[in-house]
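Residue numbers (this note's numbering), protein chains in the order written: chain A, -6 to 250; chain B, 55 to 315. Glycine included, every Cβ here is placed at the ideal spot set by N, Cα and C.
#1: May I ask you to verify whether the region 65 to 79 of chain B touches the region 196 to 207 of chain B, counting CB pairs closer than 8 Å and requiring at least 3?
#2: Between the region 179 to 186 of chain A and the region 96 to 107 of chain A, are three or more C-beta pairs nearer than 8 Å?
#3: Can you say whether residue 168 of chain B is buried or exposed, counting buried as having 16 or more other CB atoms within 10 angstroms of its CB?
#4: If you measure from the beta carbon of residue 309 of chain B to each beta carbon in chain A, is any gap under 8 Å?
#5: Can you grab the Cα-Cα spacing for the pair residue 309 of chain B / residue 205 of chain A, in whole Å?
#6: Is there a Cβ of chain B sitting closer than 8 Å to that of residue 110 of chain A, yes or no?
#7: Grab the span of the alpha helix (DSSP H) containing residue 263 of chain B for me, first residue to last.
#8: Who are the neighbours of residue 95 of chain A on chain B, taking C-beta pairs under 8 Å?
#9: Look up residue 198 of chain A in the DSSP assignment and give the residues it is bridged to.
#10: What residue ranges within the region 135 to 213 of chain B form continuous alpha helix (DSSP H) runs of no fewer than 4 residues, ordered along the chain?
#11: Please return the same chain residues whose Cβ sits closer than 8 Å to the Cβ of residue 111 of chain A, not counting the five positions on each side in sequence.
#12: Would you tell me roughly how many angstroms separate the C-alpha atoms of residue 137 of chain A and residue 248 of chain A, rounded to the nearest one?
#13: Going along the chain, which residues of the region 55 to 81 of chain B sit with their C-beta nearer than 7 Å to a C-beta in chain C?
#14: Identify whether residue 106 of chain A lies in helix, strand or coil by the three-state DSSP scheme.
#15: Can you check which of these residues, A:167, A:2, A:200, is closest to residue 212 of chain A by C-alpha distance?
#16: Enumerate, from N- to C-terminal direction, the unbroken beta strand (DSSP E) stretches of 3 or more residues contained entirely within the region -1 to 81 of chain A.
#17: Mind reading off the beta-carbon distance from residue 173 of chain A to residue 152 of chain A? Whole number of angstroms is fine, and I expect it under 8 Å.
#18: 8 Å is my cut-off, CB to CB: does residue 115 of chain A come that close to chain B?
#19: Taking C-beta to C-beta, are residue 48 of chain A and residue 89 of chain A nearer than 8 Å?
#20: Could you tell me which residues DSSP pairs with residue 89 of chain A in its beta bridges?
#21: Is DSSP giving residue 105 of chain B helix, strand or coil here?
#22: So, does the CB of residue 2 of chain A fall closer than 8 Å to a CB anywhere in chain B?
#23: Taking Cβ-Cβ distances shorter than 9 Å, what residues in chain B pair up with residue 99 of chain A?
#24: Determine whether the Cβ of residue 83 of chain A lies closer than 8 Å to any Cβ atom of chain B.
#25: Leaving out five residues on either side along the sequence, give the residues of the same chain with a beta carbon under 7 Å from the beta carbon of residue 57 of chain A.
#26: Taking the beta carbon of residue 277 of chain B as the centre, do at least 16 other beta carbons fall within 10 Å, making it buried, or is it exposed?
#27: Tell me the DSSP secondary structure of residue 155 of chain A in three-state form.
#28: Buried or exposed, going by whether 16 or more other CB atoms sit within 10 Å of the CB of residue 140 of chain A?
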């Protein structure tokens, strides 16, 4: 069990229903510290929902998700899941960064204000400290000169890089990427993928839901195929894409190539 | 019977102290009712989106009830109705040397309760216009409900709320004339009592119309400045001078209008 205990994220038999519709049918995945896990799969397979359960943007109804040893969203009272009060859930989200398909930058704030907002409000950082961190992050994602621009004035790729910087400003232990390049045109996809790849090399623990197979192959330590609310197969990227260890994976890869 | 130009000009250029005091009363009534109505509107607007069903029901009932009653009836109800039934009688209050008459208080309260119902709908619409992704992003950054309401929902909803709210205030400036019915000495009431003694009804009505027009014009400019400030995120180049800002409000560029969310 030492291997499993070393995992930063431990999802065990996670179930989720939207009304009568069961979208997660017992998902179990472990992600080690510093590991990069990519999740691929057809739309409607539950991969985004699973990601959103990890930071409680969605609530799962059965199973367990632990991040850093802490049970997410619930208290375990003798095997019974009791929902945590909202303020505990809010606190749990602090260490988990998330990047959205639609960027979701706060459009009424400049890029810099977007980045310093949560560190100041949530972590109580002083403005000078938060701005110094923010500028260093913007430098890292190549957007220093756009610090004072409003999001609407940026391209999609620039907005997504700013959104990554915003999530990183909270110094999270874990980063979740929910189809970060799906809303981008091909020219700007590359610049965002480079930033994510750079982050992966820096040792950040990441779970990336993506349709970019080449990216998943190059950057991930492990790739997972989710289908119909379940993990179909998982493997190291070379094995995953070369050997294609499941019939469903073969069929899925055939549809996108 | 002709138009008495001399009388008209003298009333227009030198309306006299009584008229200026009445004008002050009109503006004060509108501003106080607006502020009070805004407080009611924000509370009820959020209340209509509450997770707690009884709060939603009470707020929906308030909006339904008040929007179904003419504001004139509401004013008379507060001033005379409550007193007649023996529930409550407004009495004059003197604060800091300024006396607020009973009818003035009833008018402010009646107008505020009327405005509050309309504003609640505007506020609710503004809150619902905030995109889910914005709230999810705030949550994912560890913001609590109060923090994300204050820093994300309210500022973004404000952009949606302000234009119709300004429109409401324009309306309210003129609705204050109904307070004449319960005896508030505002400009319309004064106009009516003066026309009863001078018989220059037509001239005086034109003067009072011009006064209302002046009030709404001034408000129009102020609203333009507020909206220009709230639209900072949409443009790189800001209208630099006051005149440019006003001009931009009166004749917004087509492209900028298209870019709006």
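From the atom records:
#1: no
#2: no
#3: Locating residue 168 of chain B in the second chain gives position 114, counting from the first residue. Result: buried.
#4: Here residue 309 of chain B is taken as the residue at index 255 of the second chain, counted from 1. Note that residue 309 of chain B scores a pLDDT of 45, beneath 50, so its modelled location is shaky and nothing firm can be said.
#5: What you label residue 309 of chain B is simply residue 255 of the second chain in a count that begins at 1. What you label residue 205 of chain A is simply residue 212 of the first chain in a count that begins at 1. Only weak support is given to the placement of residue 309 of chain B: the predicted model assigns it a pLDDT of 45, under 50, and the question is left unresolved by the model.
#6: For the purposes of this step, residue 110 of chain A is taken as the residue at position 117 of the first chain. Contact of residue 110 of chain A with chain B is assigned, a C-beta pair being separated by under 8 Å.
#7: Numbered from 1 along the second chain, position 209 holds the residue referred to as residue 263 of chain B. From DSSP, the alpha helix (DSSP H) with residue 263 of chain B extends over 255 to 284.
#8: Taking the first residue of the first chain as position 1, residue 95 of chain A is located at position 102. Those are 187, listed as they occur along chain B.
#9: By 1-based counting over the first chain, the position of residue 198 of chain A is 205. A:167.
#10: With a minimum length of 4 residues, the unbroken runs of alpha helix (DSSP H) contained wholly in the region 135 to 213 of chain B fall at 156 to 182, 186 to 194, 199 to 202.
#11: As a working note, residue 111 of chain A is residue 118 in the first chain. Correct list, in chain order: 159, 162, 163.
#12: Reading the first chain from its first residue, position 144 is the one you call residue 137 of chain A. Reading the first chain from its first residue, position 255 is the one you call residue 248 of chain A. Cα-Cα distance, rounded: 40 Å.
#13: Chain labels in this structure do not include chain C; the protein chains are A and B.
#14: To locate residue 106 of chain A, count along the first chain from 1; it is residue 113. Reduced to three states, the DSSP call for residue 106 of chain A is helix.
#15: In the first chain, counting from the first residue as 1, residue 212 of chain A sits at position 219. The option with the nearest alpha carbon to residue 212 of chain A is A:200.
#16: With a minimum length of 3 residues, the continuous beta strand (DSSP E) runs that stay inside the region -1 to 81 of chain A are 0 to 11, 14 to 25, 29 to 33, 55 to 60, 67 to 70, 73 to 76.
#17: Taking the first residue of the first chain as position 1, residue 173 of chain A is located at position 180. Taking the first residue of the first chain as position 1, residue 152 of chain A is located at position 159. With a contact defined as Cβ atoms closer than 8 Å, residue 173 of chain A and residue 152 of chain A miss out at about 11 Å.
#18: Position 122 of the first chain, counting from 1, holds the residue named residue 115 of chain A. It does: the Cβ of residue 115 of chain A has a partner Cβ on chain B nearer than 8 Å.
#19: Within the first chain, the letter at position 55 stands for residue 48 of chain A. Within the first chain, the letter at position 96 stands for residue 89 of chain A. Contact flag set, yes.
#20: As a position in the first chain, residue 89 of chain A is number 96, starting the count at 1. Residue 89 of chain A is bridged to A:167.
#21: The residue you call residue 105 of chain B lines up with position 51 of the second chain. Residue 105 of chain B falls in the coil class under three-state DSSP.
#22: Residue 2 of chain A sits at position 9 when you count from the first residue of the first chain. Residue 2 of chain A does not count as touching chain B.
#23: Along the first chain, read from residue 1 onward, the residue named residue 99 of chain A stands at position 106. Near residue 99 of chain A (Cβ distances below 9 Å), the residues of chain B are 188, 191, 192, 205, 206, 209, 210.
#24: Working through the first chain from its first residue, we reach residue 83 of chain A at position 90. At a cut-off of 8 Å, the C-beta of residue 83 of chain A has a neighbouring C-beta in chain B.
#25: Stepping through the first chain from its first residue, residue 57 of chain A is reached at position 64. Closer than 7 Å at the Cβ level, and outside the excluded window around residue 57 of chain A, lie 5, 64.
#26: As a position in the second chain, residue 277 of chain B is number 223, starting the count at 1. By the 10 Å Cβ count, residue 277 of chain B comes out buried.
#27: For the purposes of this step, residue 155 of chain A is taken as residue 162 along the first chain, with counting starting at 1. In the structure shown, residue 155 of chain A sits in a helix (DSSP, three-state: H, G or I).
#28: Here residue 140 of chain A is taken as the residue at index 147 of the first chain, counted from 1. By the 10 Å Cβ count, residue 140 of chain A comes out buried.
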